[in-house]
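Scroll down for the structure; my scribbles are underneath it.
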Amino acid sequence: RKEVEQDPGPFNVPEGATVAFNCTYSNSASQSFFWYRQDCRKEPKLLMSVYSSGNEDGRFTAQLNRASQYISLLIRDSKLSDSATYLCVSYNTNAGKSTFGDGTTLTVKP
Amino acid sequence: DTEVTQTPKHLVMGMTNKKSLKCEQHMGHRAMYWYKQKAKKPPELMFVYSYEKLSINESVPSRFSPECPNSSLLNLHLHALQPEDSALYLCASSQESTSGRIQFFGPGTRLTVL
Numbered sequence: 105r106k107e108v109e110q111d112p113g114p115f116n117v118p119e120g121a122t123v124a125f126n127c128t129y130s131n132s133a134s135q136s137f138f139w140y141r142q143d144c145r146k147e148p149k150l151l152m153s154v155y156s157s158g159n160e161d162g163r164f165t166a167q168l169n170r171a172s173q174y175i176s177l178l179i180r181d182s183k184l185s186d187s188a189t190y191l192c193v194s195y196n197t198n199a200g201k202s203t204f205g206d207g208t209t210l211t212v213k214p
Numbered sequence: 022d023t024e025v026t027q028t029p030k031h032l033v034m035g036m037t038n039k040k041s042l043k044c045e046q047h048m049g050h051r052a053m054y055w056y057k058q059k060a061k062k063p064p065e066l067m068f069v070y071s072y073e074k075l076s077i078n079e080s081v082p083s084r085f086s087p088e089c090p091n092s093s094l095l096n097l098h099l100h101a102l103q104p105e106d107s108a109l110y111l112c113a114s115s116q117e118s119t120s121g122r123i124q125f126f127g128p129g130t131r132l133t134v135l
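Residue numbers (the numbering used here), protein chains in the order written: chain A, 105 to 214; chain B, 22 to 135.
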């Protein structure tokens, strides 16, 4: 079993749609979680950190459920520019390294 | 300056060549990383330097040799690579925070081994 597992996708949605990505992690020692966005042939860029209390940044909402070892990302009112691969990442302070999920590809169509 | 720079952007090398990839950051981050990324796959950790000392080597073959000359620079020396080593090589840096280690990635070096 992979340490971080994501929805395989791909997700193809029309502009204005709401889309949700899910991610589960198996290592209970993971302390911090992030969503990164990676455009085709570009480097990953931090989209947002994920907190148990939930956090929102404009159209994006991230949530962490430590009891279920589950992370989510909600994108409201999708834009064409949201088309990218979204990577779920857990960070283990004890191990000193991050683990990436395989990524979920989103395509937003006009 | 919130940027990680990498040179070269593209590199083509033969299996007998020796080359080096370079990475630089001026954010004062004390952790730096090398990742390898194949097409349609997530980044795969190779090495971690913490305070200029190698802290993690993910069982990377010795044909890849990392070096951290100072807190701002990270090199990856390449020798006798194989065609399957062709990939995007990403450098990243991070600082400890209450939110964990948020990593900033450079644009990568796209390596082709012939």
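From the three backbone atoms N, C-alpha and C, an ideal C-beta is built for every residue, glycine too. Note that the structure is a prediction, hence the values are computed from the model and not measured.
Judged by beta-carbon spacing, P128(B) lies within the 8 Å limit of E147(A), meaning their Cβ atoms are closer than that value. Look at S153(A): its C-beta is under 8 Å from a C-beta on chain B.
Taken in chain order, the unbroken stretches of beta strand (DSSP E) that lie wholly in the region 98-134 of chain B and span 3 residues or more are 108-116, 123-126, 130-134. By the neighbour-count definition (other C-beta atoms within 10 Å, threshold 16), P104(B) is an exposed residue. Not a single C-beta of chain B is nearer than 8 Å to the C-beta of S130(A). Around the beta carbon of G205(A), 16 or more other beta carbons sit within 10 angstroms, so the residue counts as buried.
Considering only L210(A), S132(A), N131(A), F137(A), the residue with the shortest C-alpha distance to T189(A) is L210(A). Between Q116(B) and H47(B), the gap from beta carbon to beta carbon reaches 8 Å or more. Looking only at K183(A), T197(A), S182(A), M152(A), the smallest Cα-Cα distance to S176(A) is reached by M152(A). The three-state secondary structure of S202(A), taken from DSSP, is strand. The beta carbon of Y190(A) does not come within 8 Å of any beta carbon belonging to chain B, so the residue lies off that interface.
CA-CA distance, A199(A) to M34(B), rounds to 34 Å. The region 160-173 of chain A makes no contact with the region 77-94 of chain B; the number of CB pairs closer than 8 Å stays below 3. When C-beta distances to chain A are compared with 9 Å, the residues of the region 64-76 of chain B below that value are P64, E65, L66, V69, S71, S76, in chain order.
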